[in-house]
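Participant: Residue numbers (the working numbering): 39 to 294.
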Amino acid sequence: MIRALFATSATALVLALAATGCAADTGEDELTQDTSAVTSSTCTSAQYNQALVHYKNAVAWSKERNSMGICEWQNGYMTQIADEASRAVMTCGDFRKTIRTSPWAAPIRQALSISLNLRSFTGELAVIRDSQFQSWKGVETMFAGTSFWAFAQGVYGPPVRIDFAANGVATYGKLVHDPVTDDISFVQEAATYTVQSIDGSVNGKRVVRVTHGGEVEEYDLGVQNPYEYKDAPLFFLKSRTENSPTLYSLYSECDA
Numbered sequence: 039m040i041r042a043l044f045a046t047s048a049t050a051l052v053l054a055l056a057a058t059g060c061a062a063d064t065g066e067d068e069l070t071q072d073t074s075a076v077t078s079s080t081c082t083s084a085q086y087n088q089a090l091v092h093y094k095n096a097v098a099w100s101k102e103r104n105s106m107g108i109c110e111w112q113n114g115y116m117t118q119i120a121d122e123a124s125r126a127v128m129t130c131g132d133f134r135k136t137i138r139t140s141p142w143a144a145p146i147r148q149a150l151s152i153s154l155n156l157r158s159f160t161g162e163l164a165v166i167r168d169s170q171f172q173s174w175k176g177v178e179t180m181f182a183g184t185s186f187w188a189f190a191q192g193v194y195g196p197p198v199r200i201d202f203a204a205n206g207v208a209t210y211g212k213l214v215h216d217p218v219t220d221d222i223s224f225v226q227e228a229a230t231y232t233v234q235s236i237d238g239s240v241n242g243k244r245v246v247r248v249t250h251g252g253e254v255e256e257y258d259l260g261v262q263n264p265y266e267y268k269d270a271p272l273f274f275l276k277s278r279t280e281n282s283p284t285l286y287s288l289y290s291e292c293d294a
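Take a look at the structure:
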């Protein structure tokens with residue numbers, strides 16, 4: 039009996055070591071620990087497995103972006119990472135908590151930290167589509183650390199960018215043409231901002247007022263649905279000033 043017990047224990051030890059070696063070889067041990075903690079009462083096994091693929095892509099691509107830099111890898115664009123994160127949470131909602139709290143999801147949180155999209159993927163902001171179910175509750179507390187850009191129209195990058203900080207402080211930047219030198223440069227100046235409900239309701243849409251250079255510019259905060267249903271939404275600030283560009287929470291960072 040002792041001999042049989044010893045043989046059984048030895049076999050179990052060999053199998054355990056083999057399994058450990060396989061996990062180390064594939065580099066998936068961390069993600070396995072991470073996702074095994076997700077207990078789903080709302081997702082089927084098929085939904086969970088599909089979402090897991092997108093989640094793993096978002097983590098891997100975020101790691102590449104964070105270590106190699108923007109535009110240095112084919113899947114390192116913020117829009118691509120956001121799409122994969124969105125596909126994960128749209129397929130299985132349990133991944134909202136995973137992205138929000140898991141230590142293994144830290145690369146995603148770092149890669150998307152300046153985008154309002156991250157707050158949507160984590161479930162902190164109950165808006166992921168332009169629909170009757172959207173709730174903008176608490177969004178004014180989520181602006182700190184985010185940025186919005188106008189789409190680039192040429193080799194100089196976005197013509198306008200606003201970086202929002204805590205306590206109503208912001209930095210407003212825009213492309214400026216020097217008629218003397220014919221140079222175009224990106225000029226930044228200190229700004230302040232407020233975020234307020236348009237209709238006074240807790241869940242209603244917001245207007246963002248940005249004061250810079252003695253001017254006050256008002257933007258309507260909204261969300262644009264993607265072309266593909268599960269892809270990332272596009273949050274925007276639509277200016278109420280004529281001929282002023284709309285600003286977005288994601289943009290093509292490397293487009294010339």
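Backbone N, C-alpha and C fix where the C-beta goes; we use that ideal spot for every residue, glycine too.
If we ignore side chains and look at the alpha-carbon of each, how far apart do Gln172 and Gly131 end up?
Facilitator: 16 Å
Participant: One question on the structure: do Trp187 and Leu285 come within less than 9 Å of each other, judged by their Cβ atoms?
Facilitator: yes
Participant: To which residues of the same chain is Pro145 closer than 6 Å at the C-beta, ignoring the five residues directly before and after it?
Facilitator: Val97, Ser100, Lys101 and Asn104
Participant: Which value, in whole angstroms, describes the spacing of the CA atoms of Leu163 and Ala203?
Facilitator: 18 Å
Participant: For the alpha helix (DSSP H) that contains Lys243, what are its first and last residues?
Facilitator: First-last for Lys243: undefined, no H or E at that position.
Participant: What ranges does the beta strand (DSSP E) occupy inside the segment 142–208, keeping only unbroken runs of at least 3 residues that lie completely in it?
Facilitator: 185–188 and 198–202
Participant: Flag this pair as yes or no: are the beta carbons of Phe224 and Tyr194 separated by less than 9 Å?
Facilitator: Contact flag set, yes.
Participant: Looking at Asp121 and Ala270, is the spacing between their C-beta atoms short of 9 Å?
Facilitator: yes
Participant: State buried or exposed for Met106, treating a residue as buried only when at least 16 other CB atoms are found within 10 Å of its CB.
Facilitator: By the Cβ-count criterion, Met106 is exposed, with fewer than 16 other Cβ atoms from all chains shown falling within 10 Å of its own Cβ.
Participant: From Arg177 to Ser282, what does the alpha carbon distance come to, in whole angstroms?
Facilitator: The identity of residue 177 in the sequence shown is Val, whereas the question assumes Arg. Distance between the alpha carbons of Val177 and Ser282 is about 23 Å.
Participant: Please indicate yes or no: does the CB of Gly238 lie closer than 8 Å to some heavy atom of the ligand FAD?
Facilitator: Ligands displayed in this structure: none; no statement on the ligand FAD is therefore possible.
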